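Visitor: FYI, my numbering numbers position 54 of the sequence shown as 241, with every residue one higher than the one before it. Every residue, glycine too, gets a C-beta built ideally from N, C-alpha and C. From a predicted model like this one, the values you see are computed outputs, not experimental measurements. Structure below; questions to follow.
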Amino acid sequence: MGCCLLINTIIECINGYNLNTNNIRIFGTDSGGISPLMVISFIFALMCFVIAETFDKAIKIKEDNDLTI
């Protein structure tokens, strides 16, 4: 899920850079910019990777605890 969100964010940033006509820009020039929505979607993609890693470590710890007496 994180990979799909990250790919979607990159495509959105590439396509939306020139199309961004909003007044609110985080990074930008006169020809376009990166909007806050693009940055938020990038943060969500990174959070998916963090949550996946957390669950992976929790499963390994649970399996280790199940094997101990």
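Taking all protein chains shown into account, decide if residue 234 is buried (16 or more other Cβ within 10 angstroms of its Cβ) or exposed.
Guide: Along the sequence shown, read from residue 1 onward, the residue named residue 234 stands at position 47. With fewer than 16 other Cβ atoms within 10 Å, it is exposed.
Visitor: What are the complete beta strand (DSSP E) segments, minimum 3 residues, inside the segment 195 to 226?
Guide: Complete beta strand (DSSP E) runs here, min 3: none at all.
Visitor: Using only the alpha-carbon positions, how far apart do residue 252 and residue 232 sit?
Guide: For the purposes of this step, residue 252 is identified with residue 65 of the sequence shown, where counting begins at 1. For the purposes of this step, residue 232 is identified with residue 45 of the sequence shown, where counting begins at 1. So the two alpha carbons sit approximately 31 Å from each other.
Visitor: Would you mind working out which of 214, 213, 226 sits nearest residue 193, comparing C-alpha positions?
Guide: Locating residue 193 in the sequence shown gives position 6, counting from the first residue. Nearest of 214, 213, 226 to residue 193, Cα basis: 226.
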